[in-house]
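Student: Quick note, the sequence shown lines up with residues 0 to 617 if you use numbering that gives the first Met the number 0.
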Amino acid sequence: MDNKMKIFTKTLVPVLALSFGIFTNCFAEYEEKITPNDIAAGHRYGFGIDIDGDYAISGAYEDGNGSAYIFKRSGTTWTQEAKIVASDGSSGDEFGRSVSIDGDFAIVGSRYDDDGGSDSGSAYIFKRSGTSWTEETKLTANDPDAGDRFGQVVAIEGNYAIISSHLDDDGGSSSGSAYIFFNNGTTWTQQAKLTASDANSNDYFGTYVSISGDYVLIGANGDDDGGGLSGSAYIFKRDGISWSEQAKLTANDAASGDSFGESVAISGEYSVIGAPVDDDSFSNSGSVYVFKRTGTSWSQQSKLNASDPAENDQFGKSVSIDGLNIVIGSSFDDDNALGSSGSAYIFSGDGSTWTQGAKITANDATVNARFGRSTAINGNYIVVGAYNSNVDGSSSGSAYIYASDGGDLPLAIELDSFEARQIENTIQLNWTTASETENEGFNVYRKTGNGNFVQIASYKGNSELLGTLNSTTSNNYTFVDNSELRNGETYTYYISDVETNGLETKHEKSAKTVRFVLNEETAQTKLDYVLAQNFPNPFNPSTQINFQIAKTQDVRLQIFNLKGKLVKELVNEKMNEGSHSAKWDGTDSFGNQVSSGTYFYKFSAGIFSQTNKMVLLK
0 MDNKMKIFTK TLVPVLALSF GIFTNCFAEY EEKITPNDIA AGHRYGFGID IDGDYAISGA
60 YEDGNGSAYI FKRSGTTWTQ EAKIVASDGS SGDEFGRSVS IDGDFAIVGS RYDDDGGSDS
120 GSAYIFKRSG TSWTEETKLT ANDPDAGDRF GQVVAIEGNY AIISSHLDDD GGSSSGSAYI
180 FFNNGTTWTQ QAKLTASDAN SNDYFGTYVS ISGDYVLIGA NGDDDGGGLS GSAYIFKRDG
240 ISWSEQAKLT ANDAASGDSF GESVAISGEY SVIGAPVDDD SFSNSGSVYV FKRTGTSWSQ
300 QSKLNASDPA ENDQFGKSVS IDGLNIVIGS SFDDDNALGS SGSAYIFSGD GSTWTQGAKI
360 TANDATVNAR FGRSTAINGN YIVVGAYNSN VDGSSSGSAY IYASDGGDLP LAIELDSFEA
420 RQIENTIQLN WTTASETENE GFNVYRKTGN GNFVQIASYK GNSELLGTLN STTSNNYTFV
480 DNSELRNGET YTYYISDVET NGLETKHEKS AKTVRFVLNE ETAQTKLDYV LAQNFPNPFN
540 PSTQINFQIA KTQDVRLQIF NLKGKLVKEL VNEKMNEGSH SAKWDGTDSF GNQVSSGTYF
600 YKFSAGIFSQ TNKMVLLK
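1) Kindly confirm or deny that the region 320-333 and the region 463-475 touch, where touching means at least three C-beta pairs closer than 8 Å.
2) Take F441 and list the residues in its own chain whose beta-carbon comes closer than 6 Å to its own, dropping the five residues that flank it on each side.
3) State the DSSP-derived secondary structure class of E31, mapped to helix, strand or coil.
4) Quick check on this structure: which residue in D87, G170, G129 and T133 has the alpha carbon closest to the alpha carbon of I106?
5) Kindly indicate the opening and closing residues of the beta strand (DSSP E) around K192.
6) Measure from the C-beta of G108 to each C-beta in chain C and report whether the shortest distance is under 8 Å.
7) Beta strand (DSSP E) containing I56: first to last residue?
8) Determine the burial state of R148: buried for a count of at least 16 other Cβ atoms within 10 Å of its Cβ, exposed for fewer.
9) For T597, name the three-state secondary structure that DSSP assigns.
10) Using the three-state DSSP reduction, which class does K567 fall into: helix, strand or coil?
11) What is the residue span of the beta strand (DSSP E) that Q592 lies within?
12) Taking the CB atoms as reference points, tell me whether E437 and L414 lie closer together than 8 Å.
13) Is the beta carbon of S284 less than 8 Å from the beta carbon of E310?
14) Whose CA, out of G338, F181, E483 and E80, lies closest to the CA of R237?
15) Name the DSSP bridge partner or partners of G218?
16) Who are the Cβ neighbours of K617 in its own chain at under 6 Å, not counting the five residues just before and after it?
17) With burial defined as no fewer than 16 other Cβ atoms inside 10 Å of the residue's Cβ, what is the status of A385: buried or exposed?
18) Check whether the region 88-100 touches the region 43-60, counting contact only when three or more Cβ pairs, one atom from each stretch, lie closer than 8 Å.
19) Below 6 Å CB to CB, which residues in the same chain sit around N545 once its five sequence neighbours on both sides are set aside?
20) Considering only the alpha carbon of each residue, which of E93, Y159, K126 and S119 lies closest to D103?
21) What residue ranges within the region 75-137 form continuous beta strand (DSSP E) runs of no fewer than 3 residues, ordered along the chain?
22) Please name the residue or residues paired with N461 in a DSSP beta bridge.
23) Are the CB atoms of I179 and I155 within a distance shorter than 8 Å?
24) Are the beta-carbon atoms of S66 and I38 separated by less than 8 Å?
25) Once DSSP output is grouped into helix, strand and coil, what is the label at S608?
26) Could you say if the region 186-204 and the region 134-146 meet the contact criterion of at least three C-beta pairs nearer than 8 Å?
27) How long is the line joining the alpha carbons of D222 and G150, rounded to whole angstroms?
28) To the nearest angstrom, how far is the alpha carbon of G405 from that of L565?
29) Mind reading off the beta-carbon distance from S298 to D257? Whole number of angstroms is fine, and I expect it under 8 Å.
30) For K562, does the three-state DSSP call read helix, strand or coil?
31) Please list the terminal residues of the continuous beta strand (DSSP E) segment that includes A253.
32) Kindly indicate which residue of K612, G605, E507 and S541 has the alpha-carbon position closest to the one of Q592.
33) Specify the secondary structure class of S509 as computed by DSSP and reduced to three states.
34) Tell me the rounded alpha-carbon separation between V366 and D62.
35) Skipping 5 residues on each side, what residues in its chain have a beta carbon closer than 7 Å to that of S90?
36) Hey, D349 and F331: beta-carbon distance below 8 Å or not?
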């Protein structure tokens, strides 16, 4: 279907300006995992995915002779409607490695089918009638040959289907080709065979394909115009029953080995092309290029990179686009110390500029899951595949759907303020949320000097970073970076919030920089107000709370429960300037032991007030 990458990009995430949502369709409402009722180890389900309207399709090319599953949405629930298989499937055909769906039709590639010679390839069209999906026809090239791999990638929109054969030899060994099939209402017939005007050996024209209206976009990641394997992509346009090459697209900074064209997607006047082995930030960190059509000309509009690039992430391994929303897969990303667990990023455009919003990772991520190897977007829904996930057995695979209500959704938190400052030999972060929605917790990111941001703390290992889940009142948080900081160095910090469904939103534009200085002048600086995180935390049976005041004045330190009810007042007296501490033994004002759970301690001194969170475990 239009606007999707076809072998198939929580990154679904809302797009942000500063730390507040401006994304027309914020894909952050929920994550639903769509799982076949017979999933098993080794199926590699989720390698090929697509979505159209109320229907999603995901292939499992190692399930016996290969299969694909169609899910239907009812409200917010997706249920399996059909499992489809080839009528003449054989072991090793890899039926289901590439899939696409549009309206009442689905197409499934079978690149290792042997009808026209070993690994010549084929594709199958299925049609829906009510709740049943039946095989309507099998498609093969009119000039099949062994090793062509017809069906490498498939895409369908309306009455047109495009099928790639990236190892076809018409223009030289593995120069590649793609075939257009047309449905006249009763029969699917080959309408055209497309090849590059400058075809050459090992160009791999047909690495990926996408279709939108009268246009198709075809990747050729082996093209060497900008150096070996620099890559390219081609635009073809239909006029009646004829298809002609309109443009060849290359990166304006093409370099050897970038693999530009390994993933492609087209929607209307925009083409998106992945270069997952580009080295802009780090070796093989990856990038994505956006081209825009004006009349008959296509020009590069933007180059996109991840906000947190890392070596071998391969950002751009998959791409998909619908209107002004782009999803980009980064299937070798190592978030949460899970090697190659993968991620996906959301970008939104305004016609001239593309802005990154949220980053998605699976709620049940596993090592080597390759989440983001496949992505698709249609309207308010995104589907992301993780074909190597081990959740349901080794390499069983997974697929996830993310959605919005079609309008502006609230972010997990509304960030009121964020500050960073040096306190003696540490740097303390303080932030306040005006409200929280399904906020599980925060992650803290830091960069040194002009380096790259790295995560230095997470709610998963620091209870002080746990969110309140849902709150309509303000909440204050503190994090102290007491790592070994270098005298004279600058450190920049920002936080992210993570929703209960795993969606992470990074508040990079609220970042604060501190120059860390340890000298006599610093030691003699006037005291400030400080409320430290209680220690230990979590605690049982007691914990200590340290605080500092700048002058002699009245001080109050109070304990509240989650409902905002006062549990106990630890301090209510005039105190001298300097450092102080108070101990809480887990009892209320009457000396009764309180139950396990989350509590808040509020420190007030003059106009200064701050509230931190702590956890009592029994």
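Here a beta-carbon is modelled for each residue, glycine too, at the ideal position from N, C-alpha and C.
Tutor: According to the data block:
1) no
2) Translated into the one-based positions of the sequence shown, residue 441 becomes position 442. If we look at F441 and ignore the five residues flanking it on each side, its Cβ neighbours are Y458, L464, I494 and D496.
3) Within the sequence shown, numbered from 1, the residue matching residue 31 stands at position 32. Strand at E31.
4) For the purposes of this step, residue 106 is taken as residue 107 along the sequence shown, with counting starting at 1. Minimum Cα distance to I106 is reached at T133.
5) Taking the first residue of the sequence shown as 1, we reach residue 192 at position 193. Its beta strand (DSSP E) spans residues W187 to L193.
6) No chain C is part of this structure, which consists of one protein chain only.
7) Working through the sequence shown from its first residue, we reach residue 56 at position 57. Looking at the DSSP string, the run of the beta strand (DSSP E) that includes I56 is Y54 to A59.
8) As a working mapping, residue 148 is identified with position 149 in the sequence shown. Buried.
9) Here residue 597 corresponds to residue number 598 of the sequence shown, with the count starting at 1. DSSP places T597 in strand when its eight states are reduced to three.
10) For this step, residue 567 is matched to residue 568 along the sequence shown. K567: strand per DSSP, three-state reduction.
11) Along the sequence shown, one-based indexing puts residue 592 at 593. No beta strand (DSSP E) holds Q592; DSSP gives it neither H nor E.
12) On the sequence shown, residue 437 is found 438 positions in, with the first residue counted as 1. On the sequence shown, residue 414 is found 415 positions in, with the first residue counted as 1. Taking 8 Å as the Cβ cut-off, E437 and L414 do not qualify as a contacting pair.
13) One-based indexing of the sequence shown puts residue 284 at position 285. One-based indexing of the sequence shown puts residue 310 at position 311. Cβ distance < 8 Å, so S284 and E310 count as in contact.
14) Numbered from its first residue, the sequence shown carries residue 237 at position 238. Ranking the options by Cα distance to R237, first place goes to F181.
15) To locate residue 218, count along the sequence shown from 1; it is residue 219. DSSP output for G218 lists A232 as bridge partner(s).
16) If you number the sequence shown from 1, residue 617 lands on position 618. Same-chain partners within the cutoff: N539 and S595.
17) Your numbering for residue 385 matches position 386 in the sequence shown. Buried.
18) yes
19) Here residue 545 corresponds to residue number 546 of the sequence shown, with the count starting at 1. Cβ within range, chain order: A531 and S580.
20) Numbered from 1 along the sequence shown, position 104 holds the residue referred to as residue 103. It is K126 whose Cα lies nearest to the Cα of D103.
21) 76-83, 94-101, 104-109 and 121-128
22) The sequence position of residue 461 within the sequence shown is 462, counting from 1. The partner list for N461 (beta bridge, DSSP) is empty, contrary to what the question assumes.
23) By one-based count along the sequence shown, residue 155 stands at place 156. By one-based count along the sequence shown, residue 179 stands at place 180. Cβ atoms of I155 and I179: not closer than 8 Å.
24) Your numbering for residue 66 matches position 67 in the sequence shown. Your numbering for residue 38 matches position 39 in the sequence shown. No, Cβ-Cβ distance for S66 and I38 is not below 8 Å.
25) Here residue 608 corresponds to residue number 609 of the sequence shown, with the count starting at 1. If DSSP states are grouped into helix, strand and coil, S608 belongs with the strands.
26) yes
27) Looking up residue 222 in the sequence shown gives position 223. Looking up residue 150 in the sequence shown gives position 151. The alpha-carbon atoms of D222 and G150 are separated by roughly 20 Å.
28) As a first step, residue 405 is located in the sequence shown; it is residue number 406 there, counting from the start. As a first step, residue 565 is located in the sequence shown; it is residue number 566 there, counting from the start. Model confidence at G405 stands at a pLDDT of 42, short of 50, so the residue's coordinates are unreliable and nothing is read from them.
29) Start at 1 with the first residue of the sequence shown, and residue 298 comes out as number 299. Start at 1 with the first residue of the sequence shown, and residue 257 comes out as number 258. S298 to D257, Cβ: 19 Å. No contact.
30) By 1-based counting over the sequence shown, the position of residue 562 is 563. Looking at K562 - three-state DSSP - the assignment turns out to be coil, as it is neither helix nor strand.
31) The residue given as residue 253 occupies position 254 in the sequence shown. Neither: A253 is in no beta strand (DSSP E) and is coded neither H nor E.
32) Walking along the sequence shown from the start, residue 592 turns up at place 593. Of K612, G605, E507 and S541, the residue nearest in Cα terms is S541.
33) Counting from one through the sequence shown, the residue named residue 509 turns up at place 510. S509: helix per DSSP, three-state reduction.
34) Reading the sequence shown from its first residue, position 367 is the one you call residue 366. Reading the sequence shown from its first residue, position 63 is the one you call residue 62. Distance between the alpha carbons of V366 and D62: 21 Å.
35) Locating residue 90 in the sequence shown gives position 91, counting from the first residue. Correct list, in chain order: N64.
36) Indexing the sequence shown from 1 puts residue 349 at position 350. Indexing the sequence shown from 1 puts residue 331 at position 332. No, these two residues do not count as a Cβ contact at 8 Å.
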